[in-house]
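> Below is a structure I'd like to ask you about.
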Amino acid sequence: MTSTLREETSTRREGRDLLADWPRPPAGGWTADDLDRLPDEGPNGEPDFFKHVELVDGALLFMSPQKRFHDLVIRRLAAAFEAQTPDRLAVATQMDVRLGPRQRPCPDVLLIDAALAHDHDRTAYLPGEVHLVVEVVSPESRLRDREVKPRSYAQAGIVHFWRVEEADGVPVVYVYELDPATRAYVPTGVHRDVLSVPVPFPIEIDLAGLLK
Numbered sequence: 001m002t003s004t005l006r007e008e009t010s011t012r013r014e015g016r017d018l019l020a021d022w023p024r025p026p027a028g029g030w031t032a033d034d035l036d037r038l039p040d041e042g043p044n045g046e047p048d049f050f051k052h053v054e055l056v057d058g059a060l061l062f063m064s065p066q067k068r069f070h071d072l073v074i075r076r077l078a079a080a081f082e083a084q085t086p087d088r089l090a091v092a093t094q095m096d097v098r099l100g101p102r103q104r105p106c107p108d109v110l111l112i113d114a115a116l117a118h119d120h121d122r123t124a125y126l127p128g129e130v131h132l133v134v135e136v137v138s139p140e141s142r143l144r145d146r147e148v149k150p151r152s153y154a155q156a157g158i159v160h161f162w163r164v165e166e167a168d169g170v171p172v173v174y175v176y177e178l179d180p181a182t183r184a185y186v187p188t189g190v191h192r193d194v195l196s197v198p199v200p201f202p203i204e205i206d207l208a209g210l211l212k
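So the sequence shown is numbered by our numbering: it starts at 1 and just counts up by one.
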């Protein structure tokens with residue numbers, strides 16, 4: 001049986017189609033505000049069904065289970081930032097950024113204004129409050145993280161963007177900075193083993209050590 005048939009069979013167990021109650025978009029499509037109104041449970045009672053969902057070009061994107069690489073890099077990269085970040089900045093992980101009415105992605109790591117760190121009611125940040133976004137690439141997110149999201153972050157005016165990919169079992173970081181004339185990112189370096197950059201603040205990270 002092919003995987004497609006297996007999936008179809010599994011969704012029809014007990015004589016019911018589990019996709020029959022799949023959330024339909026409201027009239028006019030999904031908006032960034034809608035994400036704050038999604039229920040806690042899924043259409044069939046699944047707990048935390050909408051916990052990891054993004055809005056990209058008006059479409060809801062559900063994050064698939066991640067590999068250990070993804071989890072380790074996010075947590076340890078955030079810890080490295082915490083140890084070196086100046087007082088004017090704060091670190092956040094997997095928090096939404098409202099880029100527009102139909103754009104609300106959820107970067108893996110962010111640097112935000114320190115003044116926002118103690119606002120525990122926030123569910124998303126605005127582009128002007130974000131100084132760096134980091135996306136850790138997964139197989140299913142490769143196109144979005146390489147092309148779709150960077151374009152949206154740049155158009156929204158976020159100055160710094162990093163993309164982390166796995167190569168031969170170790171992290172490689174692609175660093176970009178916004179060209180204000182073109183509103184597009186310009187690559188400023190590819191970092192292996194050790195990342196050392198002067199902006200958005202002087203920081204040095206042992207990339208191989210992120211997985212140890």
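We treat Cβ as the ideally placed atom computed from N, Cα and C, and that holds for glycine.
For Val-56 versus Pro-105, is the C-beta distance shorter than 7 Å?
Closer than 7 Å, so yes.
> Grab the span of the beta strand (DSSP E) containing Ala-112 for me, first residue to last.
Residue identity differs from the one stated: residue 112 is Ile in this sequence, not Ala. Where Ile-112 is concerned, the enclosing beta strand (DSSP E) stretches over 109-113.
> Who are the Cβ neighbours of Asp-206 in its own chain at under 7 Å, not counting the five residues just before and after it?
Within the same chain, Asp-206 has close Cβ partners Val-194.
> Helix, strand or coil: how does DSSP classify Ser-196 here?
Three-state DSSP puts Ser-196 in a strand.
> Across the stretch 127-146 and the stretch 164-172, are there enough close Cβ pairs to call them in contact, namely three or more that are closer than 8 Å?
The stretch 127-146 is in contact with the stretch 164-172.
> Comparing C-alpha positions only, which one of Gly-157, Ala-83 and Leu-61 sits nearest to His-131?
It is Gly-157 whose Cα lies nearest to the Cα of His-131.
> What did DSSP end up calling Ala-59 once you bin it into helix, strand or coil?
Ala-59 falls in the strand class under three-state DSSP.
> Sorted by chain position, which residues of the same chain lie with C-beta nearer than 6 Å to Gln-103's C-beta, five sequence neighbours on each side aside?
Same-chain partners within the cutoff: Ser-152.
> According to DSSP, is Glu-41 helix, strand or coil?
Coil.
> With distances taken between CB atoms, is the gap from Val-136 to Ile-203 smaller than 7 Å?
Taking 7 Å as the Cβ cut-off, Val-136 and Ile-203 do not qualify as a contacting pair.
> On a Cα-Cα basis, can you pick out the residue from Glu-54, His-70, Asp-71 and Phe-69 that is closest to Met-63?
Among Glu-54, His-70, Asp-71 and Phe-69, the Cα nearest to that of Met-63 belongs to Glu-54.
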